[in-house]
Amino acid sequence: MPNVKRLALFLDGTWNTVYDNTNVYRAKALCNDSPEQRCYYSKGVGTQVGERLLGGLFGIGIDREVLKAYEWLVDNYEADARIYIFGFSRGAFTARSLAGFISICGLLKPGSPISLTQIFDRYRKGKAEHSIRALANLPEEGLSQGDLWLKRYSRAIPIWFQGVWDTVGAVGIPLPWLPRVSSADFAFLETDLRINETHGFHALAVDEQRRAFAPTLWTKVTEKYADNYPPRPLERVEQRWFVGAHANVGGGYPNDLLAQPPLQWLLRKAADHELVFNDQVILDGDEVKAKVEDSYAQMGGGLYRLLTLGRRWYRPIGAAPLETPTQSTAAINETIDASVFRRWREDPGYRPVNLQRWAQALQLDPAAVQSCLWAHDGKPVVEGSV
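Residue 42 is where the sequence shown starts when you use this note's numbering, and the numbers rise one by one after that.
Shown next, in the form of structure tokens:
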């Protein structure tokens, strides 16, 4: 293992506490905390009723959580340290926003004259300001004061690993009786994979049926008439579908076995990339038989179902790229775990509408599948394939 410091950040979702035992909390509990490997945990927006309501319904608090985690990195980072960021739900969005913040603005050096507020305000301006990498290629002469200070007092550093469970967006839950929160309020948050983000793995929930919890997949934009970066190999980026609703996959239900396969998958990926854990997650194969929670019917004691007129929404699996005259936008390395097909095969009552649509489009029989498949074409996943 490389003799470098490792910094692991674990960011939980809105409305979660340590008592919810999410996969983020479990991962943090299993992670070895030592002088060579430091750990940071945030439960997300606080547990007080008013704060939880504002954070859950309106997305308030995302920027504060990003800044707290960023400040911890400023205090603990050493040259060549490897950064690992984990998150679930809104915490996954926060994790990816933190990675985007560092990609754009770098990581401040300790004792910098630039305050956290100043650098975050710069991040909010988006493409109106030079990124830390763009500044590296510009001479200091003629730079604005803000550009000059960022060039001198910040560092372009890589994000070695991102592991997230079922990322959902920041702007809250769109119910008809709530005041709207403009997506423009959060548009500055960069959540796509960027050049300096080396490895990314995303566990997704097949059975989540609330449109308000639509997943935010990593996507690649391909310019149709220009050179593009090569595809990212599977061993570096993968987004895998698992059995379960949102909190089945990310954890949060008491004694829920469905949370175990996506937990094991992400921890194995992190361990493959040199993060040290005190123990492993051992599966016996029966976890996939556990109850799939009906989060749509349960939310708000049935109020969400009432307000959405009983209209369930089924997450698209292996969706076709979004095409414009000049660009094509597609999910990066989307796969379906073998356990999904095992559940289909062994449970006649398990027939998710989105999985049926996917199988029909590719003319596949899910009951005959014994392995992990690519979502875009239904072919078996081979490690190292693109």
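For each residue, glycine too, the CB sits at the ideal point set by N, CA and C.
- Task: Confirm, please, whether the CB-CB distance from LEU298 to GLU328 is below 8 Å.
- Result: Against the sequence shown, residue 328 aligns to sequence position 287. Against the sequence shown, residue 298 aligns to sequence position 257. Yes.
- Message: On the DSSP letters alone, give me the boundaries of the alpha helix (DSSP H) that GLN339 sits inside.
- Response: The residue given as residue 339 occupies position 298 in the sequence shown. 336–339 is the span of the alpha helix (DSSP H), which, as asked, contains GLN339.
- Query: Going by other Cβ atoms of all chains shown within 10 Å of its Cβ, with 16 needed for buried, is ASP378 buried or exposed?
  - Reply: As a position in the sequence shown, residue 378 is number 337, starting the count at 1. Buried is the call here.
- Message: Taking contact to mean 3 or more Cβ pairs, one atom from each stretch, closer than 8 Å, check whether the stretch 42–52 and the stretch 284–299 are in contact.
- Response: no
- Anyone know if the C-beta pair for GLY132 and ASP53 falls short of 8 Å? Taking the sequence shown and counting its residues from 1, one reaches residue 132 at position 91. Taking the sequence shown and counting its residues from 1, one reaches residue 53 at position 12. Contact flag set, yes.
- Query: Hey, how far is the Cα of ASP74 from the Cα of ALA68?
  - Reply: Walking along the sequence shown from the start, residue 74 turns up at place 33. Walking along the sequence shown from the start, residue 68 turns up at place 27. Those two C-alpha atoms are separated by around 12 Å.
- Item | DSSP-derived helix/strand/coil call for HIS240 | For the purposes of this step, residue 240 is taken as residue 199 along the sequence shown, with counting starting at 1. Residue state, collapsed to three classes: strand.
- Relative to the C-alpha of PRO76, which residue among ASP388, VAL45, VAL65 and GLN401 is closest? Here residue 76 refers to the residue found at position 35 of the sequence shown. The candidate whose alpha carbon is nearest that of PRO76 is VAL45.
- Query: In the DSSP assignment, what residue or residues form a beta bridge with PHE254?
  - Reply: Here residue 254 refers to the residue found at position 213 when the sequence shown is read from its first residue. Paired residue(s): none; PHE254 is not in a bridge.
- Item | Buried or exposed (CB count within 10 angstroms, at least 16 for buried), VAL394 | Here residue 394 refers to the residue found at position 353 when the sequence shown is read from its first residue. By the neighbour-count rule (16 or more Cβ atoms within 10 Å), VAL394 is not buried but exposed.
- Length of the line joining the Cα atoms of TYR189 and CYS413: Mapped onto the sequence shown, residue 189 falls at position 148. Mapped onto the sequence shown, residue 413 falls at position 372. Contrary to the premise, residue 189 reads as Leu rather than Tyr in this sequence. Roughly 49 Å between the two C-alpha positions.
- Query: Taking Cβ to Cβ, would you say TYR337 is nearer than 8 Å to ARG356?
  - Reply: What you label residue 337 is simply residue 296 of the sequence shown in a count that begins at 1. What you label residue 356 is simply residue 315 of the sequence shown in a count that begins at 1. Using a Cβ distance threshold of 8 Å, TYR337 and ARG356 do not count as a contacting pair.
- Item | Runs of alpha helix (DSSP H) lying entirely within the stretch 312–378, each at least 4 residues, in chain order | 336–339 and 344–348
- Excluding five sequence neighbours on each side, which residues of the same chain lie with their C-beta closer than 8 Å to the C-beta of TYR294? Counted from its first residue, the sequence shown places residue 294 at position 253. For TYR294, where only same-chain residues beyond five positions count, the Cβ hits under 8 Å are ALA288, ALA300 and GLU334.
- Item | For GLN203: DSSP bridge partner residues | Within the sequence shown, the letter at position 162 stands for residue 203. ILE126 and GLY241, per the DSSP bridge assignment.
- GLY343 to ARG281, Cα distance in whole Å? Mapped onto the sequence shown, residue 343 falls at position 302. Mapped onto the sequence shown, residue 281 falls at position 240. Cα to Cα, GLY343 sits roughly 29 Å from ARG281.
- Bridge partners of CYS80, per DSSP? In the sequence shown, counting from the first residue as 1, residue 80 sits at position 39. Beta-bridge pairing links CYS80 to ALA49.
- Secondary structure, beta strand (DSSP E): runs of 3+ residues fully inside the stretch 103–159: 123–129
- Message: By alpha-carbon positions, which one of GLN305, LEU179 and ASP104 ends up nearest to PHE134?
- Response: Here residue 134 is taken as the residue at index 93 of the sequence shown, counted from 1. Out of GLN305, LEU179 and ASP104, ASP104 has the C-alpha closest to the C-alpha of PHE134.
- Query: With C-beta atoms as the reference, is LEU148 less than 8 Å away from TYR194?
  - Reply: Residue 148 sits at position 107 when you count from the first residue of the sequence shown. Residue 194 sits at position 153 when you count from the first residue of the sequence shown. No, the pair does not count as a contact, with Cβ atoms beyond the cut-off.
- Item | LEU308 - DSSP class collapsed to helix/strand/coil | Walking along the sequence shown from the start, residue 308 turns up at place 267. Correct three-state label for LEU308: helix.
- Query: LYS265: beta carbon under 7 Å from a heavy atom of the ligand ZN?
  - Reply: No copy of the ligand ZN appears in this structure; indeed no ligand is present at all.
- Item | Where GLN250 falls, given that 16 or more other Cβ within 10 Å makes a residue buried | Stepping through the sequence shown from its first residue, residue 250 is reached at position 209. Result: buried.
- Task: Would you check if the stretch 309–319 and the stretch 365–378 touch, i.e. whether three or more CB-CB distances between them fall below 8 Å?
- Result: no
- Is GLN401 buried or exposed, if buried means 16 or more other CB atoms sit within 10 Å of its CB? Counting from one through the sequence shown, the residue named residue 401 turns up at place 360. Around the CB of GLN401, fewer than 16 other CB atoms lie within 10 Å, so the residue is classed as exposed.
- Task: Would you please state the rounded distance, in angstroms, between the beta carbons of GLY204 and PHE242? I believe it to be under 8 Å.
- Result: The residue labelled residue 204 in the question sits at position 163 within the sequence shown. The residue labelled residue 242 in the question sits at position 201 within the sequence shown. The pair is a contact, with the Cβ atoms about 5 Å apart (cut-off 8 Å).
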